[in-house]
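Chains as they are written, first to last, in our numbering: chain A, 1 to 336; chain B, 1 to 336; chain C, 1 to 207; chain D, 1 to 207.
In this text, a Cβ means the ideal position worked out from N, Cα and C, and glycines have one as well.
Have a look at the structure below before the remarks.
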Amino acid sequence: MKKIINSPDNYIKEMLEGIYIAHEDDLTCVDGDLQVLVTKHKKEGKVGIVTGGGSGHLPLFLGYVGKGMIDGCAVGDVFQSPSVDQAIALTREADSGAGVLYIYGNYNGDIFTFRPAADEVEMEDDIETAEVLGADDVASAGPSAPGEKSTRRGVAGIFFVYKCAGAAADKMLSLDEVKRVAEKANNNVRTMGVALTPCTVPRVGKPSFEIEDDEMEIGMGIHGEPGIRRGKLEPADQIVDEMLEKIVADLPYENGDEVAVLVNGLGATPLDEQYIVTRRINQVLEEKGIKVYKYYVGEYATAIEMAGFSISLLKLDDELKECIDHPVDTPFFKQV
Amino acid sequence: MKKIINSPDNYIKEMLEGIYIAHEDDLTCVDGDLQVLVTKHKKEGKVGIVTGGGSGHLPLFLGYVGKGMIDGCAVGDVFQSPSVDQAIALTREADSGAGVLYIYGNYNGDIFTFRPAADEVEMEDDIETAEVLGADDVASAGPSAPGEKSTRRGVAGIFFVYKCAGAAADKMLSLDEVKRVAEKANNNVRTMGVALTPCTVPRVGKPSFEIEDDEMEIGMGIHGEPGIRRGKLEPADQIVDEMLEKIVADLPYENGDEVAVLVNGLGATPLDEQYIVTRRINQVLEEKGIKVYKYYVGEYATAIEMAGFSISLLKLDDELKECIDHPVDTPFFKQV
Amino acid sequence: METSYLITLLKEISDIMAENKEKLIAMDGIVGDGDLGLTMTDGFKAAYDAVADGAVTDAGKLLFAAGKAMANKVPSTMGSLMATGLKQAGKDLKGKETLEDADIAQIFASYEAGVAKLGGAKVGDKTFIDGIHPAVESLKASLDAGDSLVDMAAKAAAAAEEGFKATTTMLAVHGRAATRGEASRSLEDPGAKVASLIMQAFEKSVQ
Amino acid sequence: METSYLITLLKEISDIMAENKEKLIAMDGIVGDGDLGLTMTDGFKAAYDAVADGAVTDAGKLLFAAGKAMANKVPSTMGSLMATGLKQAGKDLKGKETLEDADIAQIFASYEAGVAKLGGAKVGDKTFIDGIHPAVESLKASLDAGDSLVDMAAKAAAAAEEGFKATTTMLAVHGRAATRGEASRSLEDPGAKVASLIMQAFEKSVQ
Ligand SMILES: Nc1ncnc2c1ncn2[C@@H]1O[C@H](COP(=O)(O)OP(=O)(O)O)[C@@H](O)[C@H]1O
Ligand SMILES: Nc1ncnc2c1ncn2[C@@H]1O[C@H](COP(=O)(O)OP(=O)(O)O)[C@@H](O)[C@H]1O
Ligand SMILES: [Mg+2]
Ligand SMILES: [Mg+2]
Ligand SMILES: [Mg+2]
Ligand SMILES: [Mg+2]
């Protein structure tokens, strides 16, 4: 394990200390618990939006805490959920009377954290809560039947859910309305990833999986879980084509539909490669008659130091376009 | 070589195509040459600031082309300089009557490009030019004698030179004044890096150097050139201490001096580790009585997919602080 | 039996997880993200540490406190499920200052019920439930048959291990393993292995 | 000699760089960034390609055009230096439609002068200059001695190779290699190797 750390046991603590130091003007923690992080720019009367999940995905999740996006985040150990108590403390801090929306990935560990927390703050603090579970990873399960809850995992596409819900909340919409917008974004986003190398959880000390020098893992999980296909590494264009085939087929598109595109590096993929991928995405979507309203390219949701990338497509309507255009100022993501 | 590319020969072209697609509203190329890139938001009467150098360092150099920073960039092949003709075309486009300042790294390849270009545009187009050569890498050579030109290479610290000069130009200062500010920033910035893994130039196809699984290379060059010390990988704090020792000693500091700090990932280093480093930097500077005015943490100047990081310190006075605070909006870097 | 026996039990569980840390990491690495060895080791250690001083003598409060400590320490899928199992057992044993064999059997029945309620998994879904459920059934049968505690524990441990082994015939429907469809069938479920380890620890704790 | 000989010369240089591509990458990888094999191969190929059709017969214009093509193709340290050498030779041979032996010697003297002017390196700085300079000296001596062109070339190639070998006694003062101080001394300079290869190509071109 080749990492710039002091000890695996202090990994999260020291990382968080660095975050509070670097972003002192914008972020603070709740009750001295570094793992419960809120914005210093709380907007009174606004619906609070909070999230949470394991560490190891920076800038996800805590990096999006700020103006125009989300209000707080509870982070667990690497790839581990935060605790119920932390979620409770977070919710209390994020509420300013208009209720709190939980947006987090559809993953049992996190569900087991946020649902009990919601129960408790509703009972004890009369805070109204709602939840939207990110479930954009088309490689993690088939589509759910109408009415059934999705079994898909939430991955990088949750960025779009934060972005849209954050804009709606910033416009001072009600909890119901913010939830409706978040759900719309969530229903309209699809993601798929590919890994070239594994990642190493510091306390585990060895890579999450083994992969040959000429192989790739299509559809791997964001913790390095096995994907849907292991195969020889292919040219960038071919990989993009396979991924887009799955992503686009999963949500019906009509000629002229518009999308926002997120090309996301998983941690160790040079930006150059992400732009080579962007170029191909543009070609393919043009062929399919899908118009790109906006591109986001970079590291938005990583798996520590995994090499690889994911593509997320968010289908837009006028309301979501307005949300996409809304300015944002968070430690890791700014849109002017 | 495990890369998401189509062919090494098309690496730069396809990467640049992706950049123009993703940042269509902000960037355009000159005369159809993708390697010569200018902002779409040219400010009339402003001193033009241009830069250039090899590809493979994203977001350096072209990522800083935009409002409040620099106006254009010529990029060469991976780790190669752009050509004289490209630098000439760039200069002509960036000038709007107030002259053009070249800011680029102190490296023969680039000097051999920009000096002849400056000669030509001064002769043929009556464009006034000036140059400031980034020379912040304390590991690349000893300090130069007073009056002697530096033999140090320019690395990540050039970000601060862009930032300060960009602010000065945006405030509509004259070429002389912008150059003065750029020089001040340049004289006040020091950088040192450490590499954990090499990088692979696509057309070379193999890593730039070999390094054991438990070794690090302190002071490596930004193209993966050998550094000043190869040793066993140490805890983060110890590495930071060694680097800061060299950086701080190189420029006299007094108790109470203020700095801007750039913690820069070289391509494959997780943000988590960069924040662990940030935490230690803060401790050490506090001990030394140096106050941090602002932190920048992330990938600002990479070496393709090298793992490692660099630390840059910019010593501030009131004028430079104002420059640091100036808002910026470029494809890769935004400051609100 | 004194309720301090529960401390012994938690100690055995904590120890067996630590012994099997690498094995659980490896097993979870095949079907999931490989963290199970860490969460089970840290979680059961936290559960044990929270009550090790013997200050709490109410069996229910002791188990609940252990569960709460685990929940805060390792809030992952299995971490939360195991914590909830402990807390459910705590709720059901509240007020007991001594333990009959039937109470001991009840602990595991409550444990299973807590996990099932939070996670919603059914027998045959290839989860922890498939390890714990046969053990709980075996404990009931032993109670009816009047087996000694030692025999009860041995039979339950054997049943759990068999349940675990049988997961190689099941299709995963929960968590990441479910992604792999038919390919998941022949793989052992690491959560069920945890159930088997818990019952082995129980067996040791009564020897 | 016809000026088309220059096309042959450029072809030999281009070929020898291609043959030594990996060797130059490896050598530059030790002291620098490892790109020299790429830039020399691509650069001299571009130089040759620009004039290969024989359309330009003025020796000066031909060499200058070759240099310009190389400058645009590989604007790196050595790329720019080599291009400037060619351009300087072009300037100095302008107007010549045939070539005497003295003109040929002049090409290399001009080449060295161009490189020295742009780069500012002196003999002993452990650069390209340390390979080319002894060769240029040898060419002058051969001219004075009345050597045949074949002999001139062979002696110059030997001198360049010796000059290259002698770089292992020098301390680097230019470029990245200079960072390493005393540790750089025993290392071969890859730019001087390029000088030696150019002179080898020259030797072949007159056989
Ligand atoms: N709903 C459920 N009920 C019971 N056990 C479950 C459930 N979902 C998953 N499990 C068990 O959890 C194990 C994985 O636990 P863990 O490693 O904590 O998951 P993850 O790392 O994905 O959060 C599986 O092997 C399975 O036995
Ligand atoms: N000022 C100079 N004059 C002549 N040759 C030089 C000079 N500086 C460097 N060189 C030569 O250039 C070689 C390296 O060339 P190159 O690989 O293009 O450099 P880089 O990759 O650092 O730009 C060195 O081996 C040296 O011989
Ligand atoms: Mg997990
Ligand atoms: Mg797991
Ligand atoms: Mg080189
Ligand atoms: Mg180079």
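Cut-off 8 Å between Cβ atoms - residues of its own chain near C:ASP130, not counting five sequence neighbours on either side:
Taking the third sequence and counting its residues from 1, the one referred to as residue 130 of chain C is at position 130. For C:ASP130, where only same-chain residues beyond five positions count, the Cβ hits under 8 Å are VAL123, GLY124, GLY163, PHE164, ALA166, THR167, MET170, ASP189, ALA192, ALA195.
On the three-pair Cβ rule with 8 Å, is the stretch 20-27 of chain B touching the stretch 228-248 of chain B?
no
Pull up the distance between the alpha-carbon of B:LEU266 and that of A:MET15, whole angstroms please.
Translated into positions along the second sequence, residue 266 of chain B becomes position 266. Translated into positions along the first sequence, residue 15 of chain A becomes position 15. When rounded, the distance between both Cα atoms is 18 Å.
Any beta carbon of chain A sitting closer than 8 Å to that of C:ASN72?
Residue 72 of chain C sits at position 72 when you count from the first residue of the third sequence. Cβ-Cβ to chain A under 8 Å: yes for C:ASN72.
Say the cut is 7 Å; is the CB of C:LEU197 nearer than that to a heavy atom of ligand 4?
Within the third sequence, the letter at position 197 stands for residue 197 of chain C. No; taking the cut-off as 7 Å, the Cβ of C:LEU197 has no heavy atom of ligand 4 nearer than that.
At a cut of 8 Å, does the stretch 216-224 of chain B reach the stretch 139-155 of chain B through at least three beta carbon pairs?
yes
Got a sec: is the Cβ-Cβ distance from A:ALA260 to anything in chain B below 8 Å?
Mapped onto the first sequence, residue 260 of chain A falls at position 260. Judged by the 8 Å Cβ criterion, A:ALA260 is not in contact with chain B.
Would you say the beta carbon of C:PHE44 comes nearer than 7 Å to a heavy atom of ligand 3?
Within the third sequence, the letter at position 44 stands for residue 44 of chain C. False, no ligand heavy atom lies under 7 Å from that Cβ.
Report back the beta-carbon spacing between A:PHE337 and A:ALA268 to the nearest angstrom; my notes put them in contact at under 8 Å.
Lying outside 1 to 336, the shown extent of chain A, residue 337 of chain A is not represented and no answer is given.
Shorter than 7 Å, the distance from the beta carbon of A:PHE79 to the closest heavy atom of ligand 3, or not?
Taking the first sequence and counting its residues from 1, the one referred to as residue 79 of chain A is at position 79. Yes, the beta carbon of A:PHE79 sits closer than 7 Å to at least one heavy atom of ligand 3.
Using DSSP with H/G/I as helix, E/B as strand and the rest coil, what is B:PRO207?
Start at 1 with the first residue of the second sequence, and residue 207 of chain B comes out as number 207. B:PRO207: strand per DSSP, three-state reduction.
Determine the extent of the beta strand (DSSP E) in which A:ASP126 is found, giving its start and end residues.
Residue numbering aside, residue 126 of chain A sits at position 126 when the first sequence is read from its first letter. Here A:ASP126 belongs to no beta strand (DSSP E), and DSSP marks it neither H nor E.
Are three or more beta carbon pairs between the stretch 303-323 of chain B and the stretch 187-199 of chain B nearer than 8 Å?
Inter-segment contact for the stretch 303-323 of chain B and the stretch 187-199 of chain B is present: three or more beta-carbon pairs are separated by less than 8 Å.
Going along chain C in order, which residues have a C-beta closer than 7 Å to the C-beta of A:SER83?
Start at 1 with the first residue of the first sequence, and residue 83 of chain A comes out as number 83. The contacting residues are ALA71, ASN72, PRO75.
Using only alpha-carbon positions, find the residue among B:THR129, B:VAL259, B:THR278 that is nearest to B:GLY99.
As a position in the second sequence, residue 99 of chain B is number 99, starting the count at 1. Residue B:THR129 holds the alpha-carbon nearest to the alpha-carbon of B:GLY99 among B:THR129, B:VAL259, B:THR278.
Please report the distance separating the alpha-carbon of A:LEU285 from that of A:ASP272.
In the first sequence, residue 285 of chain A corresponds to position 285, counting from 1. In the first sequence, residue 272 of chain A corresponds to position 272, counting from 1. In a straight line, the C-alpha of A:LEU285 is about 20 Å away from that of A:ASP272.
Span separating the alpha-carbon of C:MET40 from that of C:GLU12
Numbered from 1 along the third sequence, position 40 holds the residue referred to as residue 40 of chain C. Numbered from 1 along the third sequence, position 12 holds the residue referred to as residue 12 of chain C. Straight-line Cα distance between these residues: approximately 13 Å.
Contact belief for D:MET199 with D:ALA135 at Cβ below 8 Å, rounded distance in angstroms:
On the fourth sequence, position 199 is the one that residue 199 of chain D refers to. On the fourth sequence, position 135 is the one that residue 135 of chain D refers to. Their Cβ separation, rounded to whole angstroms, is 5 Å, which keeps D:MET199 and D:ALA135 in contact under 8 Å.
Would you call the stretch 312-332 of chain B and the stretch 44-59 of chain A in contact, with 3 or more CB pairs under 8 Å?
no
Could you tell me whether any non-hydrogen atom of ligand 4 is closer than 7 Å to the CB of A:HIS76?
Residue mapping note: residue 76 of chain A aligns to position 76 of the first sequence, counting from 1. Per the sequence shown, residue 76 of chain A should be read as Gly rather than His. Because no heavy atom of ligand 4 lies under 7 Å away, the Cβ of A:GLY76 does not count as near it: no.
Below 8 Å between beta carbons: does that hold for D:ALA83 and D:GLY67?
Here residue 83 of chain D is taken as the residue at index 83 of the fourth sequence, counted from 1. Here residue 67 of chain D is taken as the residue at index 67 of the fourth sequence, counted from 1. Closer than 8 Å, so yes.
In three-state terms, what does DSSP make of B:LYS337?
This structure leaves residue 337 of chain B out entirely; chain B is present only between 1 and 336.
Taking 8 Å as the limit between beta carbons, can you name the residues of its chain near D:GLU97, skipping five residues before and five after?
Counting from one through the fourth sequence, the residue named residue 97 of chain D turns up at place 97. Within the same chain, D:GLU97 has close Cβ partners THR3, THR57, ASP58, ALA59.
Report the residue from C:GLN207, C:LYS140, C:TYR111, C:ILE7 whose alpha carbon sits nearest the alpha carbon of C:ALA159.
Taking the third sequence and counting its residues from 1, one reaches residue 159 of chain C at position 159. The shortest Cα separation from C:ALA159 among C:GLN207, C:LYS140, C:TYR111, C:ILE7 belongs to C:LYS140.
Does any heavy atom of ligand 1 sit closer than 7 Å to the C-beta of A:ASN108?
Here residue 108 of chain A corresponds to residue number 108 of the first sequence, with the count starting at 1. Yes, the beta carbon of A:ASN108 sits closer than 7 Å to at least one heavy atom of ligand 1.
Taking the beta strand (DSSP E) that B:CYS73 falls in, what are its first and last residues?
Position 73 of the second sequence, counting from 1, holds the residue named residue 73 of chain B. For B:CYS73, the enclosing beta strand (DSSP E) has its first and last residue at 72-78.
Beta-carbon proximity of A:VAL292 to A:VAL261, cut-off 8 Å:
Within the first sequence, the letter at position 292 stands for residue 292 of chain A. Within the first sequence, the letter at position 261 stands for residue 261 of chain A. The answer is yes: Cβ separation under 8 Å.
Measure the alpha-carbon distance for A:GLY72 versus A:VAL65 and round it to whole angstroms.
Within the first sequence, numbered from 1, the residue matching residue 72 of chain A stands at position 72. Within the first sequence, numbered from 1, the residue matching residue 65 of chain A stands at position 65. When rounded, the distance between both Cα atoms is 6 Å.
With distances taken Cα to Cα, identify the nearest neighbour of B:GLY227 among D:SER184, D:ASP49, D:ASP42, D:THR127.
Counting from 1 along the second sequence, the entry for residue 227 of chain B is found at position 227. Checked all of D:SER184, D:ASP49, D:ASP42, D:THR127; the closest Cα to B:GLY227 is D:SER184.
Any beta-carbon of chain D closer than 8 Å to the one on B:SER208?
For the purposes of this step, residue 208 of chain B is identified with residue 208 of the second sequence, where counting begins at 1. For B:SER208, the answer is yes, since a Cβ of chain D falls inside 8 Å of its Cβ.
Using a beta-carbon distance below 8 Å, is C:HIS35 in contact with chain A?
What you label residue 35 of chain C is simply residue 35 of the third sequence in a count that begins at 1. The sequence as given places Asp at residue 35 of chain C; His does not occur at that position. Yes, its Cβ sits closer than 8 Å to a Cβ of chain A.
Inspect the beta-carbon positions of B:VAL297 and B:THR278 and report whether they are closer than 8 Å.
Within the second sequence, residue 297 of chain B is the residue found at index 297, counting from 1. Within the second sequence, residue 278 of chain B is the residue found at index 278, counting from 1. The answer is yes: Cβ separation under 8 Å.
Identify, in the order they occur along the chain, each residue of the same chain with its Cβ nearer than 7 Å to the Cβ of A:PRO82, setting aside the five sequence neighbours on each side.
Counted from its first residue, the first sequence places residue 82 of chain A at position 82. Excluding positions up to five away in sequence, the list reads GLN35, GLY52, ALA74, VAL75, GLY76, THR113.
For A:GLU299, which residues of its own chain have a beta-carbon under 6 Å away from its beta-carbon, when the five flanking residues on both sides are left out?
Counting from one through the first sequence, the residue named residue 299 of chain A turns up at place 299. The residues are GLY265.
Whether A:GLY154 touches A:ALA135 by CB criterion (8 Å)
The residue you call residue 154 of chain A lines up with position 154 of the first sequence. The residue you call residue 135 of chain A lines up with position 135 of the first sequence. Closer than 8 Å, so yes.
Cβ of C:GLY191 within 7 Å of any heavy atom in ligand 1?
Here the question's residue 191 of chain C lines up with position 191 in the third sequence. C:GLY191: yes, Cβ under 7 Å from ligand 1.
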